[in-house]
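Below is one structure, written out as structure tokens; the observations come after it.
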Amino acid sequence: MDIIRILDPEAHTKHPDMIFPEPEFPHVWDRLYNTTQEELAEKARGYQILVINKLRITAEILDRLPDLRMIAMFATGYNNIDVAACQSHGVALANIRGYGTESVAEHALGLLITLARNTVRYRESVRDLTWSRQSNFCLMDYPITDLFRKKLLIIGCGAIGKRLAEICQRGFDMEILISERKGASECRPGRIPFAEGLQEADFVSVNCPFLPETRGLIGEKELSLMKPGAFLINTGRGGIVNETDLARALQENRLGGAGLDTLEKEPPAPDNPLIPLLSTRNLIITPHAAWLGDIAKRNIGGELVKNMEAFVRGEKRNRIV
């Protein structure tokens, strides 16, 4: 068997605790750090497998990489890859699935509870001595919403959405609503029309992938449908929630709060309209960290290698193309 040359041009995205088994085929695995989009095509020349996380793979790049046989995603999402171009160039594409289900579901739950109980604001009231200046034993400045028997709308009922629903139903006796696709002409059994779900839910969790049809899925119209005081969680992908519209809804106190682990641009620009609201509204933004649980970190490296090994054996595993 020929030696397979593997390039990871984004080695800086790997956590030090992650373990990557040696692939069971002859190979050379080169790792580069902080490769720019402009450098990618030149640096990837001569490699058969590319390990890609956030760099874009376009038809133009594939034109310049005649030796490339596979793109092994170091992620579940692949919206940065031109799938049609991979098909036309005969380049396989595989992603990693299921490695972070528990981690992301628990992160979404953590955001949900923290927002509902206004934990960040109450913690700040202790830190800045607001509580110390009170005559009453108890500070009552911010509302606290219990999860018990409230309604949770799941938008995107894949593995993570299903796991979050299961935790919330079993742990808090929440009523789970599963959203039908936006604009669908018919509603599948067990689902609720998109707009109706937004109107009924006390909590909305976005868990769907970023696709052309989910870009801007939650904007001004959708936010206006939500109950006053409802909470929005997004652990799916940035760009699904319109950040300008969300900032306006928070400024106008139309929502009880919002928790985001993903933004349209990562890391965010200083002029992102949500950043100033972190100190004035019930808003939590975590830096795309939901997937970094200890179990997920143990799983992801092995899953990447298994995808590559399957490809070399001629088998299809987690294949998009």
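Here the working numbering runs 565 ahead of the position in the sequence shown, where the first position is 1. Ideal Cβ positions, reconstructed from N, Cα and C, are used throughout, including at glycine. Quick caveat, the model's predicted, so the values are computed rather than measured.
- Closest in C-alpha terms to L704, from the list T684, L825, G723 and I720, comes T684.
- Distances from the alpha-carbon of I732 to those of V669, P793 and A861 put V669 closest.
- Judged by DSSP secondary structure, H592 falls within the beta strand (DSSP E) whose first and last residues are H592 to R596.
- Listed as beta-bridge partners of E740 by DSSP are K716.
- DSSP, reduced to helix, strand and coil, places M635 within a strand of the structure shown.
- The beta carbon of W856 lies closer than 7 Å to those of G665, S668 and V669 in the same chain, with the five residues before and after it left out.
- Inter-residue distance for H592 and Y612 is about 11 Å (C-alpha atoms, whole angstroms).
- Leaving aside the five residues that flank R596 on each side, the residues in its chain whose CB is nearer than 6 Å to its CB run, in chain order, D573 and A576.
- Counting only runs of 4+ residues, the alpha helix (DSSP H) found wholly inside the region 758-840 occupies 759-765, 785-790 and 808-816, in chain order.
- The region 793-812 and the region 822-834 touch, with three or more beta-carbon pairs separated by less than 8 Å.
- Excluding sequence positions up to five before and after N660, its CB lies within less than 7 Å of the CB of M638, A640, T641, Y643, N883 and I885, all in the same chain and listed in chain order.
- Within the same chain, and ignoring the five residues on either side of F775 in sequence, the residues whose Cβ sits closer than 8 Å to its Cβ are G642, N644, G801, R802, G803, G804 and I805.
- For R735, the closest of L717, R746, K747 and R688 by C-alpha to C-alpha distance is L717.
- A straight line joining the alpha-carbon of L790 with that of C651 spans about 39 Å.
- Around the CB of E745, 16 or more other CB atoms lie within 10 Å, so the residue is classed as buried.
- For I860, the enclosing alpha helix (DSSP H) stretches over residues D859 to R878.
- Contact between the region 808-819 and the region 838-848 is present, with at least three C-beta pairs closer than 8 Å.
- In this structure, L677 sits near F768, with a CB-CB distance shorter than 7 Å.
- Shown here for A730: same chain residues with a beta carbon closer than 6 Å to its own, the five before and five after excluded, namely I719 and I741 in chain order.
- DSSP, read as helix, strand or coil, puts R570 in strand.
- Where A670 is concerned, the enclosing alpha helix (DSSP H) starts and stops at T666 to A681.
- In the displayed model, V691 falls within a helix according to three-state DSSP.
- In this structure, G866 lies near M583, with their beta-carbon atoms less than 7 Å apart.
- Here the alpha carbon of L680 sits roughly 11 Å from the alpha carbon of L820.
- DSSP places R735 in the helix class (H, G or I) of the three-state scheme.
- By the neighbour-count definition (other C-beta atoms within 10 Å, threshold 16), G748 is an exposed residue.
- Boundaries of the alpha helix (DSSP H) harbouring I626: A624 to D628, taken from the DSSP string.
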